[in-house]
Structure formats: structure tokens, C-alpha cells
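As C-alpha cells, then:
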């Protein structure tokens, strides 16, 4: 059962203490969320599906509440679940977003929040905006135009227990798991310039940002 869990807020989903929520209800006329992404101060990787350098970046599940206190991390969290929900299979976030830069990154993370507040990462992913349509024919962005992005979070198998909450984090960095985007649109790998980007995430009837979860029937 592919379920679409929609993002909601009144425009302040920043940090885990913000007003971001996640539900099966369709979004209405809602104020978009905004944050500032500074590639010189990226959101730090805390666990996850990392490779090869555990002395640099820890592997596996960790409490995400530290990184979720950053103003450049949007958190969309469901109400406590009324029953267990098994999610097994590929995970995808559909994001409608804009930036004032000519290129940027969008990251997403699926998190299981226990009744104590412990926020355990399950899977995550990233899309570099210039590759939104093609990995072989990149195209830069028009400033402040809303684009549709699909962020592949790979796969997971998890039972969200009764009383737990489902959370989706959205940001523009997860470093050093993923290389930082300098937001300049310059050639990758040789760019020495960095610029701050002002980011907007939409969640409305016209631009319904959401996560697609493969829910296994009980």
C-alpha cells in the first residue's frame, strides 16, 4: 500500500520544535517554509548508511535530535501512531522547492521518533538540483522558481510502533556523507567560491510536498 504522507506547517517547520507536521490529509493554502543554507556551515552527518570511514563519520542509527535543532533543518512530524505501521521497501520524497541560487542540494531523511523523543534515522537521500531532470544533461535553475524534485531515500524495513511518530527532515546538506553544494552553479570539483542560498519549501494544493511510504498491510 503506497501511502502519501503530506508535509504541513504554518511556515515555521524549522527545528524539531517548529510547527511542521506530517499526515495523510491533503495540504491546503499553507505558508511555505524557508531557511538559509550556508555551505560553510553545513548540517552534520549523524550516522546513516555511510561507507568506509567510521573514524570520521559513524555508521548506523543514532539520535538525530542534535541536528534537528538547526534552523536550516525542517522537521515534519506525524501525530503519535494509533497502531503499529510496517514500512518496507523503497522510500521517495517528492519536494516542491525554490532557491535564489543557480544550483543547490535538497536532502531528506526518514526518522522514527519514539515515545521518549529519541529520533532514530532510518534512511536518507539527496538530489543535486542541476541533475533534477537528467544526470547526463544538467541544467541550472531560475532563481526563486518552484521546481519539482524526487529524492531517493533508498530502502528500509521498519515497524513504527504504536505511540511512535514518523518524521521527515528536509535540508540542503548532510555533510560529510554528501559533498556540499556551493550554490554557485560553477563547475563541480574545482569551484572555490561559496555563496549562501535562501531556500523555500512549498506544501500546498498546487505544490504538495510529501513522502511516499510502502506500508505493509497488518
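Residue numbers (the numbering used here): 440 to 657.
All residues carry an ideal CB built from backbone N, CA and C; glycine is no exception.
Worksheet entry | Selected residue, minimal CA-CA separation from residue 636, among 558, 596 and 543 | Residue numbering aside, residue 636 sits at position 197 when the chain shown is read from its first letter. Comparing Cα positions, the closest option is 543.
Discussion item. Going residue by residue through the segment 542-618, where are the continuous alpha helix (DSSP H) segments of at least 4 residues, counting only ones entirely within it?
Written reply: Here no run is fully enclosed.
Worksheet item: Alpha carbon to alpha carbon, what distance is there between residue 638 and residue 473?
Response: Locating residue 473 in the chain shown gives position 34, counting from the first residue. Locating residue 638 in the chain shown gives position 199, counting from the first residue. Roughly 5 Å between the two C-alpha positions.
Practice prompt. Whole angstroms is fine: what's the gap from residue 644's alpha carbon to residue 491's?
Written response: Numbered from 1 along the chain shown, position 205 holds the residue referred to as residue 644. Numbered from 1 along the chain shown, position 52 holds the residue referred to as residue 491. For residue 644 and residue 491, the distance between alpha carbons rounds to 42 Å.
Discussion item. Report the CB separation of residue 641 from residue 536 in whole angstroms; it is logged as a contact under 8 Å.
Written reply: Position 202 of the chain shown holds residue 641. Position 97 of the chain shown holds residue 536. Indeed, because the Cβ distance is near 7 Å, the residues count as touching under 8 Å.
Worksheet item: Do residue 513 and residue 549 come within 8 Å of each other at the CB atom, strictly closer than that value?
Response: Stepping through the chain shown from its first residue, residue 549 is reached at position 110. Stepping through the chain shown from its first residue, residue 513 is reached at position 74. No, the Cβ-Cβ distance between residue 549 and residue 513 is not below 8 Å.
Fill in: Closest Cα partner of residue 577 within the set 487, 648, 567 and 545
Along the chain shown, read from residue 1 onward, the residue named residue 577 stands at position 138. Checking every option, the nearest Cα to that of residue 577 belongs to 567.
Item to complete: Provide the residue(s) that pair with residue 536 in DSSP beta bridges, ordered along the chain.
Response: Locating residue 536 in the chain shown gives position 97, where the first residue counts as 1. Paired residue(s): 586 and 640.
Worksheet item: When you compare only the Cα positions, how much space is there between residue 483 and residue 632?
Response: Against the chain shown, residue 483 aligns to sequence position 44. Against the chain shown, residue 632 aligns to sequence position 193. Approximately 21 Å between the Cα atoms of the pair.
Worksheet item: Taking C-alpha atoms, which residue in 620, 461 and 511 lies nearest to residue 475?
Response: As a first step, residue 475 is located in the chain shown; it is residue number 36 there, counting from the start. Selected option, being the one with the closest Cα: 511.
Fill in: Unbroken beta strand (DSSP E) run spanning residue 442, endpoints
In the chain shown, the residue the question calls residue 442 occupies position 3. Looking at the DSSP string, the run of the beta strand (DSSP E) that includes residue 442 is 441-447.
Worksheet item: What first and last residue would you give for the beta strand (DSSP E) that runs through residue 496?
Response: Working through the chain shown from its first residue, we reach residue 496 at position 57. That residue, residue 496, is in no beta strand (DSSP E); it is neither H nor E in DSSP.
Fill in: For residue 520, the first and last residue of its enclosing beta strand (DSSP E)
Residue mapping note: residue 520 aligns to position 81 of the chain shown, counting from 1. Per DSSP, residue 520 belongs to no beta strand (DSSP E) and is neither H nor E.
Discussion item. So the candidates are 589, 488 and 445; which of them puts its Cα closest to the Cα of residue 516?
Written reply: Working through the chain shown from its first residue, we reach residue 516 at position 77. Per the Cα distances, 445.
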